[in-house]
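Trainee: Residue numbers (this note's numbering): 2 to 470. For every residue, glycine included, the Cβ atom is placed at its ideal position computed from N, Cα and C.
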RNA sequence: GGCGCGGUAACAAAGCGGUUAUGUAGGGGCCUGCAAAGCCUUUUAGGCCGGUUCGACUCCGGCCCGCGCCUCCA
């Protein structure tokens, strides 16, 4: 039985979809004005795993992740670049897709863009005004009246009085309440605008997610996710908007992933301590290393980014691929094997991927032990099981031979080592030397390759395998 | 100040009221021509102080420390 921690109740709850057999989930994506940083990628990977596992559990999953393609930061960046907004967002959407693909993140079923949903946004705002949850301020902006929604603050555990007391928001004269937020923004000259009953303007940030999720998944759906930093105010505001408009609940289960920290601080743009995926990938043997690092800890806790962590992820993956190496294709063991049961038990416990990875490591040892005992068919069967389970996390999906031929880049540029063919040739020469019991020559060849980052491993059958370090 | 999260061994990171987490790193052994890999084994744990209990890293209370949100942010 799958249990998921619900941010709304603060507890793990048995997962039961609203419509049996179907899961509708919406995840807040990113604002496209720059490259993905590690924090974004964590969110992508976390919900990619959630989606994969729900599908594995037998649900038909509809996964929506939006793209915010209009907001202040985009407008500002486009102006800085002297670039049309559409070009800027198209560029970063393409970059986002490419980065996500390299990490093995599957495309969402639907990737709505805010600018494509302006009619729905306008309809939603009209409804909110009609129901007394929104008003047109003197400034011309349309604002949400927080006081009209008594449940405001429930998700984030905040009380209105506390929020008002600590309000650092500049109190605009036109706001009835300092906590009221913008639904429709009166546009300034030169900014992108859409016509509306309240004058030319553009959507506020929060309203787009209410409009898009409702349009695509209905007024009440199963899972809504995003980074922990969206809990307040973004998700709180979404609830106020959607429930205010519909008069009934909006989302059954809220999921929030933890931050990526650097030196114990949240990775963020304002602190300047962020690393983009494009900064990191060139330092890795393969993007999978980053994915392994991300699934190596529980999604709700913080994760500490450091190069040392990536090196450890690389070593751990190396071990997994070593277990998988040179085994014939085989069918997995019949039924729910003990490892499958342990893996699923871990995942059923609020997606405990750290535990699930530990199960895979233990399974790798089982495979190694069977192989050493000469029980290749059994080892191959477990390897097949391993692949299936690891696929749910999106790790260890390469051909092992391919993995071992990849080199670990140094600082910046990849090592310029010998080609595969050159390695093979030296191995042949060494093999001849070994046959002639000329171990001095044999060892010399091995050392030459070692100096070039190639490690040789003499297998029992007289075969020599190699790997780049 | 309000709300919330966390402090586990050399580095990461989980579960669990009593039994080996797991990976990396270190020691020893087996295997190997020697290695590597693998397997076996092993050293370093649970912020501090109390309480509950036959027994607590694991439950309860207090304290200390760190972090996050309360403002755009995955």
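Do you know offhand how far residue 15's Cα is from residue 31's?
Mentor: The count along the first chain starts at 1 and reaches residue 15 at position 14. The count along the first chain starts at 1 and reaches residue 31 at position 30. Whole-angstrom Cα-Cα distance: 29 Å.
Trainee: Quick one: measure Cβ to Cβ for residue 144 and residue 183, integer angstroms, because I've assumed they're closer than 8 Å.
Mentor: Position 143 of the first chain, counted from the start, is the residue given in the question as residue 144. Position 182 of the first chain, counted from the start, is the residue given in the question as residue 183. Sure, about 6 Å apart at Cβ, within 8 Å.
Trainee: Which residue wins for smallest C-alpha separation from residue 239, given the options 432, 310 and 122?
Mentor: Indexing the first chain from 1 puts residue 239 at position 238. It is 122.
Trainee: Using the Cβ count rule (16 or more neighbours within 10 Å means buried), how would you classify residue 295?
Mentor: For the purposes of this step, residue 295 is taken as the residue at position 294 of the first chain. Burial call: buried.
Trainee: In the DSSP assignment, find the unbroken alpha helix (DSSP H) run with residue 45 in it and report its ends.
Mentor: Indexing the first chain from 1 puts residue 45 at position 44. From DSSP, the alpha helix (DSSP H) with residue 45 extends over 39-57.
Trainee: Measuring straight from C-alpha to C-alpha, what distance separates residue 177 and residue 138?
Mentor: Taking the first residue of the first chain as position 1, residue 177 is located at position 176. Taking the first residue of the first chain as position 1, residue 138 is located at position 137. The alpha-carbon atoms of residue 177 and residue 138 are separated by roughly 8 Å.
Trainee: Going along the chain, which residues of its own chain have a beta-carbon closer than 6 Å to the beta-carbon of residue 348, five neighbours each way excluded?
Mentor: Indexing the first chain from 1 puts residue 348 at position 347. If we look at residue 348 and ignore the five residues flanking it on each side, its Cβ neighbours are 54 and 357.
Trainee: List the endpoints of the continuous beta strand (DSSP E) containing residue 322.
Mentor: On the first chain, position 321 is the one that residue 322 refers to. Segment 308-325 is the alpha helix (DSSP H) holding residue 322; no beta strand (DSSP E) there.
Trainee: What is the DSSP secondary structure of residue 460, reduced to helix, strand or coil?
Mentor: Within the first chain, numbered from 1, the residue matching residue 460 stands at position 459. Of the three classes helix, strand and coil, the one that applies to residue 460 here is coil, per DSSP.
Trainee: Closest by CA to residue 263, which one among 309, 284, 300 and 253?
Mentor: On the first chain, position 262 is the one that residue 263 refers to. Considering only alpha carbons, the answer is 309.
Trainee: Can you give me the start and stop residues for the beta strand (DSSP E) that residue 186 sits inside?
Mentor: Within the first chain, numbered from 1, the residue matching residue 186 stands at position 185. From DSSP, the beta strand (DSSP E) with residue 186 extends over 182-187.
Trainee: Pick from 440, 455 and 208: whose alpha carbon is nearest that of residue 1?
Mentor: With the chain covering only 2 through 470, there is no way to say anything about residue 1.
Trainee: According to DSSP, is residue 93 part of a helix, a strand, or is it coil?
Mentor: Taking the first chain and counting its residues from 1, one reaches residue 93 at position 92. If DSSP states are grouped into helix, strand and coil, residue 93 belongs with the helices.
Trainee: Is DSSP giving residue 36 helix, strand or coil here?
Mentor: Here the question's residue 36 lines up with position 35 in the first chain. Looking at residue 36 - three-state DSSP - the assignment turns out to be coil, as it is neither helix nor strand.
Trainee: If we ignore side chains and look at the alpha-carbon of each, how far apart do residue 398 and residue 133 end up?
Mentor: Within the first chain, the letter at position 397 stands for residue 398. Within the first chain, the letter at position 132 stands for residue 133. Approximately 53 Å between the Cα atoms of the pair.
Trainee: Among the candidates 91, 103 and 128, whose CA atom is the shortest distance from the CA of residue 114?
Mentor: Translated into the one-based positions of the first chain, residue 114 becomes position 113. Per the Cα distances, 91.
Trainee: Starting from residue 204 and walking both ways along the beta strand (DSSP E), at which residues does that stretch end?
Mentor: Counting from one through the first chain, the residue named residue 204 turns up at place 203. Here the beta strand (DSSP E) through residue 204 covers 202-204.
Trainee: Ordered along the chain, which non-local residues of its own chain (more than five positions away) have a Cβ less than 6 Å from that of residue 57?
Mentor: Sequence index remark: in the first chain, residue 57 carries index 56 (1-based). Excluding sequence neighbours, residue 57 sits near 393.
Trainee: Is the distance from the Cβ of residue 261 to the Cβ of residue 253 below 9 Å?
Mentor: Position 260 of the first chain, counted from the start, is the residue given in the question as residue 261. Position 252 of the first chain, counted from the start, is the residue given in the question as residue 253. Their beta carbons are not under 9 Å apart, which means residue 261 does not touch residue 253 by this criterion.
Trainee: Comparing alpha-carbon positions, which option in 141, 12, 135 and 70 lies nearest residue 119?
Mentor: As a first step, residue 119 is located in the first chain; it is residue number 118 there, counting from the start. Closest by alpha carbon: 70.
Trainee: Tell me whether residue 66 sits in a helix, a strand or coil according to DSSP, three-state version.
Mentor: Working through the first chain from its first residue, we reach residue 66 at position 65. Residue 66: strand per DSSP, three-state reduction.
Trainee: In chain order, what are the residue ranges of uninterrupted beta strand (DSSP E) at least 3 long that sit wholly in the region 103-178?
Mentor: List check, beta strand (DSSP E) in window: 135-137 and 143-145.
Trainee: Can you grab the Cα-Cα spacing for the pair residue 4 / residue 345, in whole Å?
Mentor: Translated into positions along the first chain, residue 4 becomes position 3. Translated into positions along the first chain, residue 345 becomes position 344. Near 11 Å, if we compare the C-alpha coordinates of residue 345 and residue 4.
Trainee: Measure from the alpha carbon of residue 149 to the alpha carbon of each residue in 189, 109 and 241, then state which is nearest.
Mentor: The sequence position of residue 149 within the first chain is 148, counting from 1. Among 189, 109 and 241, the Cα nearest to that of residue 149 is on 241.
Trainee: Could you give the distance in angstroms between the alpha-carbon of residue 109 and the alpha-carbon of residue 210?
Mentor: Looking up residue 109 in the first chain gives position 108. Looking up residue 210 in the first chain gives position 209. Roughly 15 Å separates the two Cα atoms.
Trainee: Can you say whether residue 413 is buried or exposed, counting buried as having 16 or more other CB atoms within 10 angstroms of its CB?
Mentor: As a first step, residue 413 is located in the first chain; it is residue number 412 there, counting from the start. Because the pLDDT of residue 413 is 44, which lies under 50, any placement of that residue in the model is unreliable, and the question is left without a value.
Trainee: Any contact between the region 369-382 and the region 323-341? By contact I mean 3 or more CB pairs, one from each, below 8 Å.
Mentor: Contact between the region 369-382 and the region 323-341 is present, because at least three Cβ pairs lie under 8 Å.
Trainee: Could you check where the alpha helix (DSSP H) with residue 340 kicks off and where it finishes?
Mentor: As a position in the first chain, residue 340 is number 339, starting the count at 1. Residues 339-349.
Trainee: Give the secondary structure of residue 412 by DSSP, where H, G and I count as helix, E and B as strand, and everything else as coil.
Mentor: Residue mapping note: residue 412 aligns to position 411 of the first chain, counting from 1. Confidence is the limiting factor: at residue 412 the pLDDT is only 47, short of 50, which leaves the residue's position unreliable and the question unanswerable from this model.
Trainee: Kindly indicate which three-state DSSP category residue 1 falls into: helix, strand or coil?
Mentor: This structure does not reach residue 1, given that the chain is present from 2 up to 470, and the question cannot be answered.
Trainee: Assign residue 436 to one of three DSSP states: helix, strand, or coil.
Mentor: Taking the first chain and counting its residues from 1, the one referred to as residue 436 is at position 435. It is helical.
Trainee: Using the rule of at least 16 other Cβ atoms within 10 Å of the residue's Cβ for burial, across every protein chain shown, is residue 236 buried or exposed?
Mentor: One-based indexing of the first chain puts residue 236 at position 235. Buried: at least 16 other Cβ atoms inside 10 Å.
Trainee: Please report the distance separating the alpha-carbon of residue 127 from that of residue 203.
Mentor: Within the first chain, numbered from 1, the residue matching residue 127 stands at position 126. Within the first chain, numbered from 1, the residue matching residue 203 stands at position 202. Each residue's alpha carbon lies about 14 Å from the other.
Trainee: Which term fits residue 51, buried or exposed, when burial requires 16 or more other beta carbons within 10 angstroms of its beta carbon?
Mentor: Reading the first chain from its first residue, position 50 is the one you call residue 51. When all chains shown are included, residue 51 counts as buried.
Trainee: The beta strand (DSSP E) spanning residue 23 covers which residue range?
Mentor: To locate residue 23, count along the first chain from 1; it is residue 22. Looking at the DSSP string, the run of the beta strand (DSSP E) that includes residue 23 is 23-28.
Trainee: Could you give the DSSP three-state label for residue 61: helix, strand or coil?
Mentor: Locating residue 61 in the first chain gives position 60, counting from the first residue. Three-state result, residue 61: strand.
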